[in-house]
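When we follow this note's numbering, the leftmost residue of the sequence shown carries the number 2, and every step to the right adds one.
Heads up, the beta-carbon is just placed ideally off N, CA and C, and yes, glycines get one too.
Computed from a predicted model, the values in this text were never measured in an experiment.
Notes follow once the structure below has been shown.
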Amino acid sequence: MQIVHLSDLHFSEAYFVPEIAESMLQSINQLDPDIVVITGDLTENGFSAEYDGVKKFIDRIACKDKVLVPGNHDSKNAGYIHFEDLFENRFSNRNLGGVTVVGVDSSQPDIDEGHLGRENYGWIKEAFSGQNFKIFALHHHLVPIPLSGRENSVLVDAGDVLDLLNRCKVNLVLCGHCHIPHVWNLNNMLVVNAGTFCSSKTRGKTTQCFNLIQAENENSDNNNWKVRVSRVFPQGKMELITKTVM
Ligand SMILES: [Fe+2]
Ligand SMILES: [Fe+2]
Numbered sequence: 002m003q004i005v006h007l008s009d010l011h012f013s014e015a016y017f018v019p020e021i022a023e024s025m026l027q028s029i030n031q032l033d034p035d036i037v038v039i040t041g042d043l044t045e046n047g048f049s050a051e052y053d054g055v056k057k058f059i060d061r062i063a064c065k066d067k068v069l070v071p072g073n074h075d076s077k078n079a080g081y082i083h084f085e086d087l088f089e090n091r092f093s094n095r096n097l098g099g100v101t102v103v104g105v106d107s108s109q110p111d112i113d114e115g116h117l118g119r120e121n122y123g124w125i126k127e128a129f130s131g132q133n134f135k136i137f138a139l140h141h142h143l144v145p146i147p148l149s150g151r152e153n154s155v156l157v158d159a160g161d162v163l164d165l166l167n168r169c170k171v172n173l174v175l176c177g178h179c180h181i182p183h184v185w186n187l188n189n190m191l192v193v194n195a196g197t198f199c200s201s202k203t204r205g206k207t208t209q210c211f212n213l214i215q216a217e218n219e220n221s222d223n224n225n226w227k228v229r230v231s232r233v234f235p236q237g238k239m240e241l242i243t244k245t246v247m
């Protein structure tokens with residue numbers, strides 16, 4: 002099973018780099034992934050025209066199962082209204098051939114900070130009650146990562162969410178936001194951040210990239226998974242970041 006994780010396209014005249022976007026699109030379509038997860042900041046300002054542009058681009062990703070969540074930039078200027086019109090609910094729970102993907106909106110209108118909220122913990126626990134490979138997708142960071150500066154990118158209720166996901170035996174957490182690609186392994190739960198997919202808003206010496214996660218069930222009788230996380234860069238260059246058994 003192949004999952005592509007991309008984030009932070011920042012569609013806008015100012016920051017979206019079409020040549021990089023095209024190169025990345027070609028790489029994704031060649032990989033032919035089973036699931037594509039997009040963890041927010043699709044747009045720069047949440048404007049209707051930016052949403053229309055990014056929707057046309059995302060429609061060209063050849064995968065029938067896409068899970069999207071909004072980021073803080075998408076919720077600016079009441080952009081969350083366009084998100085729901087064009088994509089799906091801001092919170093979602095999908096079962097896709099042995100994989101449970103829960104996507105949540107961690108943004109708050111016109112505030113950069115992320116927040117999930119206790120009112121969501123119950124349904125998330127319920128959604129992860131089975132034996133599937135379990136993926137949780139959100140825009141903001143769940144734990145601090147390097148190079149993100151003064152730490153204000155982690156969910157304000159991160160401790161409780163981390164505990165919830167750990168107790169639910171979630172395999173994979175997918176985040177975006179600070180445009181720093183990074184992987185933590187916490188109690189056998191991989192927390193994978195994506196860099197920016199195709200915007201010029203790169204931080205430090207990082208470059209545009211997306212994540213490829215390959216998960217293989219070791220034996221159909223158990224729920225043990227071999228997981229590999231790789232990073233894919235423009236022009237299709239790929240780098241293996243980590244592999245683990247969980
Ligand atoms: Fe971003
Ligand atoms: Fe963000």
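Beta strand (DSSP E) runs wholly inside the segment 116 to 178, at least 3 long, in chain order: 134 to 138 and 173 to 176
Extent of the continuous alpha helix (DSSP H) to which Ser28 belongs: Pro19 to Leu32
Just to confirm, are Val230 and Val184 a CB contact at a threshold of 8 Å? yes
With a threshold of 8 Å, are at least 3 pairs of Cβ atoms found where one atom belongs to the segment 8 to 27 and the other to the segment 200 to 219? yes
Indicate, with yes or no, if ligand 1 has a heavy atom lying under 7 Å from the CB of Gly115. no
Quick check on the DSSP output: the beta strand (DSSP E) that includes Val105 runs from which residue to which? From DSSP, Val105 is part of no beta strand (DSSP E); its letter is neither H nor E.
To the nearest angstrom, how far is the alpha carbon of Met158 from that of Tyr122? Here residue 158 turns out to be Asp, not Met, going by the sequence shown. Distance between the alpha carbons of Asp158 and Tyr122: 11 Å.
Measuring only from the beta carbon, is His142 closer than 7 Å to any heavy atom that is part of ligand 2? no
Enumerate in chain order the residues of its own chain whose CB-to-CB distance from Val38 is below 6 Å, with the five nearest sequence positions on each side excluded. His6, Val68, Ala138 and Leu175
Does the distance from the CB of Val102 to the CB of Ile36 come in under 8 Å? yes
Counting along the chain, where does the alpha helix (DSSP H) carrying Ser49 start and finish? Ser49 to Asp60
Measure the beta-carbon distance from Phe12 to Thr40 and round it to whole angstroms, keeping in mind my assumption that it falls under 8 Å. Not a contact, Cβ separation roughly 15 Å.
Which of the three DSSP states, helix, strand or coil, is assigned to Leu97? coil
Please state whether DSSP places Glu87 in a helix, a strand or coil. One detail in the question is off: residue 87 reads as Leu in this sequence, not Glu. Helix at Leu87.
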